[in-house]
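Report on the following structure.
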Amino acid sequence: MSYEILVGLQVIDDAKYAEYRAAMKPILADYQGHFVYDFKVSEVLKTEQQDSLEQSNINRVFTINFSSEENKDSFFADPNYQLVKDQYFVSSVTSTTIISAYHKAD
1 MSYEILVGLQ VIDDAKYAEY RAAMKPILAD YQGHFVYDFK VSEVLKTEQQ
51 DSLEQSNINR VFTINFSSEE NKDSFFADPN YQLVKDQYFV SSVTSTTIIS
101 AYHKAD
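Structure follows, in structure tokens:
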């Protein structure tokens with residue numbers, strides 16, 4: 001059984017975000033993680049917080065899968081990942097929405 005997260009982002013700098021993805025993928029692989037689906041979207045029709053649609057803008061949606069929830073937690077806590085996040089992600093993404101997280105039968 002694996003662990004998967006469905007994520008929505010508001011990416012404001014595609015080039016910088018692409019650098020983030022390239023830099024974090026080897027670290028992600030170390031924790032048996034990978035991207036399953038990845039979409040660029042143009043319009044959000046509904047969010048959980050309907051009153052704050054402006055704050056919940058999403059133009060990128062993806063699923064990221066890990067072999068276990070523990071590997072997911074370790075990946076996001078990894079100091080090397082944190083450096084990559086600080087260098088690329090922080091300046092390229094204005095909002096992150098965790099839409100869902102779940103255990104997935106393989």
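Mapping of the sequence shown onto full-length UniProt numbering: position 15 corresponds to residue 15, and the numbering continues sequentially without gaps. Virtual Cβ for every residue (Gly too), placed ideally from N, Cα, C. Computed from a predicted structure; not experimentally measured.
Cα-Cα, which of the options is closest to residue i?
{"i": "N65", "options": "D14, I12, A101 and P26", "result": "A101"}
{"i": "F35", "options": "F89, D86 and F62", "result": "F62"}
{"i": "Q32", "options": "S92, F76, K85 and F89", "result": "F76"}
{"i": "P26", "options": "V84, H103, V93 and V90", "result": "V84"}
{"i": "M24", "options": "L45, F89 and Y3", "result": "F89"}
{"i": "E4", "options": "S74, Y81, Q82 and E69", "result": "E69"}
{"i": "D73", "options": "V41, L28 and K40", "result": "L28"}
If we ignore side chains and look at the alpha-carbon of each, how far apart do residue i and residue j end up?
{"i": "T97", "j": "P79", "result": "22 Å"}
{"i": "R60", "j": "D30", "result": "24 Å"}
{"i": "S95", "j": "S67", "result": "26 Å"}
{"i": "T47", "j": "D14", "result": "23 Å"}
{"i": "Y37", "j": "S91", "result": "23 Å"}
{"i": "L6", "j": "H103", "result": "12 Å"}
{"i": "Y20", "j": "V93", "result": "10 Å"}
{"i": "A18", "j": "D106", "result": "29 Å"}
{"i": "N57", "j": "D86", "result": "21 Å"}
{"i": "Y81", "j": "L9", "result": "18 Å"}
{"i": "S42", "j": "A22", "result": "23 Å"}
{"i": "I99", "j": "K16", "result": "23 Å"}
Buried or exposed: where does residue i fall if 16 or more other Cβ atoms within 10 Å of its Cβ makes it buried?
{"i": "M1", "result": "exposed"}
{"i": "V11", "result": "buried"}
What residue ranges within the UniProt domain "DUF1330" (7-98) form continuous beta strand (DSSP E) runs of no fewer than 3 residues, ordered along the chain? For the beta strand (DSSP E) assignment, the uninterrupted runs of no fewer than 3 residues enclosed by the UniProt domain "DUF1330" (7-98) are, from N- to C-terminal side, 33-40 and 60-66.
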